[in-house]
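Accompanying notes for the structure given below.
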Amino acid sequence: MFFTIFIIFIAFSISQVAAALQMLAKGGRTVLCSLDKPCKGVLTYMNELMLLSAGLLVYSGPADMAATYFTNIGFDQPSHQNNLDFILDVAGDRGKMKLVGGKRANTLSPEDLADLNRSLVNIKEGRQRQEDAFAKDASEGLEEDLKYVSYDKEA
Numbered sequence: 001m002f003f004t005i006f007i008i009f010i011a012f013s014i015s016q017v018a019a020a021l022q023m024l025a026k027g028g029r030t031v032l033c034s035l036d037k038p039c040k041g042v043l044t045y046m047n048e049l050m051l052l053s054a055g056l057l058v059y060s061g062p063a064d065m066a067a068t069y070f071t072n073i074g075f076d077q078p079s080h081q082n083n084l085d086f087i088l089d090v091a092g093d094r095g096k097m098k099l100v101g102g103k104r105a106n107t108l109s110p111e112d113l114a115d116l117n118r119s120l121v122n123i124k125e126g127r128q129r130q131e132d133a134f135a136k137d138a139s140e141g142l143e144e145d146l147k148y149v150s151y152d153k154e155a
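Residues in the sequence shown are numbered consecutively from 1, following our numbering.
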């Protein structure tokens with residue numbers, strides 16, 4: 001009897017715990033959670049999500065963009081399925097690919113998803129390095145140009 005009551009208590013209070021953790025994160029603290037069987041509402045309290053499958057990182061990014069990410073790479077999210085169940089199905093190697101030309105493509109394994117995630121992270125980091133280098137070059141060029149500009153009214 002105690003065990004049943006304990007499980008009901010946890011299911012009832014998960015949103016309160018998630019809200020408290022969200023307040024800590026908004027206060028500048030880093031919060032790391034590992035969820036065994038999350039309820040669908042808990043995703044709304046998360047800013048960033050690191051999704052593991054078979055010990056591999058298959059998604060890392062904004063929590064509210066995870067479902068969009070997986071649909072953009074070809075997974076089919078049924079209209080009746082909530083976002084959390086969808087991303088957990090994909091991570092659990094149960095996701096279905098979209099129909100293309102009447103045929104369903106082969107699904108991506110956790111290893112494939114981890115490789116894709118690493119590639120996308122590398123591309124993003126490479127772009128950021130390029131943007132940083134461009135901004136640095138532009139600011140150095142501006143400083144060089146300003147050496148020759150006179151601010152005297154008589155000049």
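Note that the Cβ used here is the ideal one computed from N, Cα and C, for glycine as well. From a predicted model like this one, the values you see are computed outputs, not experimental measurements.
ask   = When the Cβ atoms of the region 18-33 are set against those of the region 53-60, are three or more pairs found closer than 8 Å?
value = No, the region 18-33 is not in contact with the region 53-60.
message = Which residue marks the beginning of the beta strand (DSSP E) containing Y59, and which one marks its end?
response = What you label residue 59 is simply residue 59 of the sequence shown in a count that begins at 1. Unbroken beta strand (DSSP E) run through Y59: 56-62.
request  = Starting from the C-beta of F6, find all residues in its chain whose C-beta is less than 6 Å away, skip the five residues before and the five after it, and write them out in chain order.
outcome  = Within the sequence shown, numbered from 1, the residue matching residue 6 stands at position 6. Because the pLDDT at F6 is just 43, under 50, the model does not fix this residue reliably, and the value given afterwards should be weighed accordingly. Same-chain partners within the cutoff: there are none.
Spatial distance of S15 from G92 (CA atoms) = In the sequence shown, residue 15 corresponds to position 15, counting from 1. In the sequence shown, residue 92 corresponds to position 92, counting from 1. CA-CA distance, S15 to G92, rounds to 24 Å.
inquiry  = Going by the DSSP bridge assignment, what does M97 pair with across the sheet?
reply    = Taking the sequence shown and counting its residues from 1, the one referred to as residue 97 is at position 97. M97 pairs with F75.
request  = Count the other CB atoms, across all protein chains shown, that sit within 10 Å of the CB of G41; report buried if there are 16 or more and exposed otherwise.
outcome  = Position 41 of the sequence shown, counted from the start, is the residue given in the question as residue 41. That one is exposed.
Coil, strand or helix - S53 by DSSP = Counting from one through the sequence shown, the residue named residue 53 turns up at place 53. Of the three classes helix, strand and coil, the one that applies to S53 here is strand, per DSSP.
query = Measuring CA to CA, which of H80, L116, D85, S119 is closest to C39?
reply = In the sequence shown, the residue the question calls residue 39 occupies position 39. Of all alpha-carbon atoms in H80, L116, D85, S119, the one lying nearest the alpha-carbon of C39 is that of D85.
message = Between R129, Q130, L116, which has its C-alpha nearest S60's C-alpha?
response = Within the sequence shown, residue 60 is the residue found at index 60, counting from 1. Nearest C-alpha to S60: L116.
key: Neighbourhood of L51 by C-beta, 6 Å cutoff - its chain only, sequence neighbours within 5 removed   = On the sequence shown, residue 51 is found 51 positions in, with the first residue counted as 1. Non-local beta-carbon contacts of L51 in its own chain, meaning distances under 6 Å to residues more than five positions away in sequence, involve V58, Y59, A91 in chain order.
key: Bridge-paired residues (DSSP) for E125   = What you label residue 125 is simply residue 125 of the sequence shown in a count that begins at 1. None; E125 has no bridge partner.
task = Give the straight-line distance between the Cα atoms of R129 and S119, rounded to the nearest whole angstrom.
result = Position 129 of the sequence shown, counted from the first residue, corresponds to residue 129. Position 119 of the sequence shown, counted from the first residue, corresponds to residue 119. Each residue's Cα considered, the two are about 15 Å apart.
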